[in-house]
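Chemist: What follows is a structure written as structure tokens; I'll ask about it next.
See the structure below:
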């Protein structure tokens, strides 16, 4: 079922031009920590976890449809509270382009096993529905 949903989301993303940035990046990829051109990767998100009363960046992810984010399995811990930030370029300052979204639900791959991460096994993905 989840594979069907993800396939449909990816097809919809292709139809609507997902993956074609409005601002063309200066390079074809980020290498050795080189800073990307601001807002040239609009589908890149910051996954943030709540500690106390504040949120902190914990992992990146990809906006795969208007309300769906895909991230790596090791980024999620049961019981933690998360939010998604879109339009972020410099986390050290408010730029005015940031969009904050609450996580509506988390769908964990059925074969996800945190114990396999320590052994270097394949990491399964986790999807989020955001609002």
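Residue numbers (mature numbering (1 follows the signal peptide of the UniProt record, and there is no 0)): -17 to -1, 1 to 114.
Just so you know, even glycine gets a beta-carbon here, dropped at the ideal spot from N, CA and C.
1. Rounded to whole angstroms, what's the CA-CA distance from residue 28 to residue 68? Just pull it up for me.
2. What is the rounded straight-line gap between the Cα of residue -12 and the Cα of residue 86?
3. Provide the residue span of the beta strand (DSSP E) that contains residue 51, from first to last.
4. So, with DSSP's three-state summary, where would you put residue 96?
5. Report the residue from 61, 55, 51, 78 whose alpha carbon sits nearest the alpha carbon of residue 33.
6. Just reading off the beta strand (DSSP E) that residue 31 is part of, what are its end residues?
7. Taking residue 42 as part of the beta strand (DSSP E), name the residues at either end of that continuous run.
Modeler: Based on what the coordinates show:
1. 6 Å
2. For residue -12, the predicted model reports a pLDDT of 48, less than 50, meaning its position is unreliable; a value from the coordinates is still stated below. The alpha-carbon atoms of residue -12 and residue 86 are separated by roughly 18 Å.
3. 51 to 55
4. coil
5. 61
6. 27 to 34
7. 37 to 48
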